[in-house]
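Asks:
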Amino acid sequence: MWNFVVPILCVMAIASAEDPYRFFTWNVTYGDIYPLGVRQQGILINGQFPGPDIYSVTNDNIIVNVYNNLPEPFLLSWNGVQQRKNSYEDGVSGTTCPIPPGKNFTYVMQMKDQIGSFYYFPSLAFHKAAGGFGGIRILSRPRIPVPFPEPDGDYTILIGDWYKTDHKILKYVLDQGKILAFPDGILINGRGTNDTWFTVEPGKTYRLRISNVGLRNSLNFRIQGHTMKLVEVEGTHTVQTTISSLDVHVGQSYSVLVTADQPAQDYHIAVSTRFATQVLTTTAVLHYSNSRTPVSGPPPPAPTNDIQWSLNQARSIRTNLTASGPRPNPQGSYHYGQINVSRTIRLASSAGLVNGKQRYAVNGVSFIPSDTPLKLADYYNISGVFRVGSIPDSPPRGRGISLDTSVMGADYRAFVEIVFENRENIIQSWHLDGYAFFVVGMDQGSWTPASRKQYNLVDAVSRSTTQVYPKSWTAIYVALDNVGMWNLRTEYWARQYLGQQLYLRVYAPVQSLRDEYPIPKNALLCGRAKDLHS
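Numbered according to mature numbering (1 follows the signal peptide of the UniProt record, and there is no 0), the sequence shown spans residues -17 to -1, 1 to 517.
Have a look at this one:
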C-alpha cells in the first residue's frame, strides 16, 4: 500500500499551530452484516457497521488516513462539515479522485468555526446502500458557553431506510435505467427492531444526535412516554422548544435533550417513514439502568401524514439569537435579512426517460459524471471536462431532459437567494456542500416574488440540508464566501445517482491563500489530470 505522508507545510497552511490535531486510521473492508436478519455484504470501517464516530472540538484539525481494501474505488464525504477554502477534501466525484483499491488517502480537514452534529458517508457507486457511514460531533471550545447545561451523556443515533438487496444489485438496476422498489425496513444504528439499546440513569439528561443517513425517506423520531427538547440543528443552536416527535428528512441532523424522568422501565424509541406510499416502523429501547420491566404495548404513533403539521414544525425551528456559536460573538450578530440579494436562482426537479432509461434532472439537465474531477480540471485548466453555464439558473419552459455535466457559475462573496420548487407529489431534501444557508421560507403551492413577504429575515435557522414538501417550495439565502467547486444535490440517493445534482463553481478572479488553499500535496490525480503535477 502507498502511504501518503501529509507534509508539515501543507498542514500548516490549513491551520494555525495552536489548534489541536486528532488522527484517525480507518480500514475500509467488506464484511457480513445482518441489519434486517438477512446476511448482506456491508461496508465496514475498522470492522464496524456503522463506522466509528469522529469526536472533535471547534477548530480541531482532523487527519483521517483511509485505507481502501474494497475491490473497487472508494470515496468518503463529510455531510455538513464545511471544508473552508478547501473543496479538494470534499469527498465527492466532482472534487476528489477516488481512492484506488488497495491504496490509501489522507484527508486533512479543519473543523473551522463549526459546532454541532453531522455525519460522513461513502459517495460513490451506490456504496451508501451498504454502510460506511458514521457520526461526527463537533463540541464547543471550553471557553465558549453552550446554552444548556452539559448533558450527562451523549448518544449518536443514525436512522435510515434500508434494502435487503445487495447494493451492487441496486446499482445494476439503476444502471439499467429502472426504478428501485420501496426499501425493506428502517435501521437505528445499523440494526432492526429492538436490537439497539440506549441506557440512561434515572433523573439524568442526555443529548441525542439524530441523523437521517438513509437513501430516500423522511423519518419521524419519538420516544414512548418522553418529550424532547430541540437544541441544535446542523451547527446552529436553536430556540429550545419541547416536542413529542421530530421529522428528520434525508441528510438532516438534529440534537435533542431527553431527561429520564419517567418511572423506571424500558421504553420504545420509534422511527417511521413519512409521506410515503408505505409506512415502515422500527424501534430501539430506552433502558433505565434500574429497570425490571421490559418494553410493552405498541410503539407511540407517528403524526398523521398531514403536510401542514410537519411544515409548522419546520417553521418553528429558529436560531437562538442569544447563544454563542463557535465564536464568542452571538449567532444573531450576522444580520442576513439586511443584506441585498444579488441573484435569485430557481431550481426545479424533474423525472423522465432519456434513451429509454430513467433519469432525474435539475432545471431540465441530468448530471453525468466527467472523467476528471471538476475541481482538478478547473485548477489545471483542462478544457472539455465541463462548461460553466451548462445548467440554467431557472426552470426551462420545456419538459424535456438533456444530459450534461452541470456546472453553474457563481461569484465569490455574492449573496444569493435559491428557491427550490417541488412540482412533484413526493417530499424532497436538498444539500449544499461547503456551506450553511439560512432557510428563510417554505410553503405549499407555487413560489412567486410575492412569497418573499413571508420570509423570516430575523432568526431563520442556518443549516446545510433542507426539505421541500410535495407541491411546495423552500427558499434559502446563502453568502457565497467559500471559494471552490461545491456539490448541490438531492439526498434522495437513487435520484442523485441518476442525475439530480449539479456543481456550484464559486469563483474568485484573483488567486489568494486568503480565499482558497492550494491543492493538497497528497492530492490523488486521475482522469486527464493523472500525469500532471502541481
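Using N, Cα and C, we set each Cβ at its ideal position, and we do this for glycine too.
Can you tell me whether Trp469 is helix, strand or coil according to DSSP?
Replies: strand
Asks: Counting only the same chain and skipping the five closest in sequence on each side, list residues whose C-beta sits under 6 Å from that of His516.
Replies: none
Asks: With 16 as the cutoff for other CB atoms within 10 Å, does Asp43 come out buried or exposed?
Replies: It is buried - the Cβ of Asp43 has at least 16 other Cβ atoms within 10 Å.
Asks: Rounded to whole angstroms, what's the CA-CA distance from Val11 to Phe131? Just pull it up for me.
Replies: 37 Å
Asks: For the segment 109 to 158, list the beta strand (DSSP E) runs that are entirely contained and at least 3 residues long, ordered along the chain.
Replies: 117 to 122, 136 to 145
Asks: Can you tell me which residues form a DSSP beta bridge with Ala334?
Replies: Tyr343
Asks: Residue range of the alpha helix (DSSP H) that Ile290 falls in?
Replies: 290 to 299
Asks: So if DSSP puts Trp476 in a beta bridge, which residue, or which two residues, is it bridged to?
Replies: For Trp476, which the question treats as bridged, DSSP gives no partner whatsoever.
Asks: Report back the beta-carbon spacing between Phe420 and Leu330 to the nearest angstrom; my notes put them in contact at under 8 Å.
Replies: With 8 Å as the limit, Phe420 and Leu330 do not qualify as a contact, their Cβ atoms being about 13 Å apart.
Asks: So, for Gln223: in the same chain, excluding its five sequence neighbours on each side, which residues have a beta-carbon less than 6 Å away from its beta-carbon?
Replies: Lys212, Val214
Asks: What did DSSP end up calling Phe495 once you bin it into helix, strand or coil?
Replies: Note that residue 495 corresponds to Ser in the displayed sequence, not to Phe. Ser495: coil per DSSP, three-state reduction.
Asks: What do you reckon, are the CB atoms on Ser255 and His232 nearer than 7 Å?
Replies: no
Asks: Out of curiosity, what's the CA-to-CA distance linking Asp249 and Thr287?
Replies: 25 Å
Asks: Would DSSP call Asp361 helix, strand or coil?
Replies: helix
Asks: Can you tell me whether Pro3 is buried or exposed? The criterion is at least 16 other CB atoms within 10 Å of its CB, across all chains shown.
Replies: exposed
Asks: Whole angstroms is fine: what's the gap from Leu27's alpha carbon to Tyr146's?
Replies: 17 Å
Asks: So, Thr139 versus Gly118, is the Cβ gap smaller than 7 Å?
Replies: yes
Asks: Buried or exposed: His318, going by 16 or more other Cβ atoms within 10 Å of its Cβ?
Replies: exposed
Asks: Which partner residues of Leu386 appear in the DSSP bridge assignment?
Replies: Ser349
Asks: With C-beta atoms as the reference, is Asp416 less than 7 Å away from Asp73?
Replies: Yes; because the gap between Cβ atoms is below 7 Å, this pair is in contact.
Asks: Relative to the C-alpha of Arg382, which residue among Asn52, Pro281, Gly143, Ser349 is closest?
Replies: For Arg382, the closest of Asn52, Pro281, Gly143, Ser349 by C-alpha to C-alpha distance is Ser349.
Asks: Looking at the strands, I want to know which residues DSSP matches up with His251.
Replies: Val268
Asks: Which value, in whole angstroms, describes the spacing of the CA atoms of Thr264 and His251?
Replies: About 11 Å.
Asks: Which complete beta strand (DSSP E) runs does the segment 21 to 106 hold, if anything under 3 residues is left out?
Replies: 23 to 28, 37 to 40, 44 to 51, 59 to 62, 87 to 93, 99 to 105
Asks: Please report how far the alpha carbon of Arg406 lies from the alpha carbon of Tyr343, in whole angstroms.
Replies: 13 Å
Asks: Would you say Ile121 and Ser39 are within 7 Å of each other, going by their C-beta atoms?
Replies: yes
Asks: So what's Lys212 in DSSP terms, helix, strand or just coil?
Replies: strand
Asks: Let me know the secondary structure DSSP gives Gly428 once reduced to three states.
Replies: coil
Asks: Using the three-state DSSP reduction, which class does Gln261 fall into: helix, strand or coil?
Replies: If DSSP states are grouped into helix, strand and coil, Gln261 belongs with coil.
Asks: Relative to the C-alpha of Pro432, which residue among Ser332, Ile171, Thr457 is closest?
Replies: Thr457
Asks: Is DSSP giving Ala306 helix, strand or coil here?
Replies: coil
Asks: Span of the beta strand (DSSP E) holding Gly14?
Replies: Annotation: the continuous beta strand (DSSP E) that includes Gly14 extends over 4 to 16.
Asks: Counting C-beta neighbours from all protein chains within 10 Å, is the total for Leu240 16 or more, i.e. buried, or is it exposed?
Replies: buried
Asks: Need the endpoints of the beta strand (DSSP E) that Val461 sits in, please.
Replies: 455 to 462
Asks: Quick check on the DSSP output: the beta strand (DSSP E) that includes Ile169 runs from which residue to which?
Replies: Counting along the chain, Ile169 sits inside the beta strand (DSSP E) bounded by residues 168 to 171.
Asks: With a threshold of 7 Å on Cβ separation, who are the neighbours of Asp514 within its own chain once the five nearest residues in sequence on each side are excluded?
Replies: none
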